[in-house]
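What follows is one structure encoded as structure tokens, with my remarks underneath.
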């Protein structure tokens, strides 16, 4: 399970780096027009979320009890499934005029990430003593 979570940490690190150094790569899918300093700052703030998730995931991996790790990983999985993917599909994709293909790719990544984290949480058990 730790290997999957380390891949997840790397996934979030990559997102944080891209959003900090080259936010226009992500911004293009959202059809928002010109990259202004305000838009760049908003992507920088989203990068900060990914940095927080990296820290929380590393802390969760260091917890000795599986029940404690599961709580943190489960909350993260549900955030991806409902807050991120769910809100994109139900409202925000249409509201911001996102292309259907971009919306399906973006929400699909969030759904896949949420399901992987859900599996990690459900399979994490303390070793038999």
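Numbering (this note's numbering), first residue to last: 6 to 134.
From the three backbone atoms N, C-alpha and C, an ideal C-beta is built for every residue, glycine too.
- Taking C-beta separations shorter than 6 Å and ignoring five residues to either side along the sequence, the partners of residue 85 in its chain run 115, 118 and 119, following chain order.
- Between the C-alpha atoms of residue 51 and residue 81 there is a straight-line separation of about 15 Å.
- DSSP places residue 42 within a helical segment (H, G or I) once states are collapsed to three.
- Counting the other Cβ atoms within 10 Å of the Cβ of residue 48 gives 16 or more, which makes it buried.
- No residue range can be given for residue 94, since it is assigned to no alpha helix (DSSP H) and is classified by DSSP as neither H nor E.
- Under the 10 Å beta carbon count, residue 112 is surrounded by 16 or more other beta carbons and is classified as buried.
- Nearest to residue 31 by alpha-carbon distance, out of 125, 103 and 126, is 103.
- Membership of residue 87 in any alpha helix (DSSP H) is not indicated, and neither H nor E is assigned to it by DSSP.
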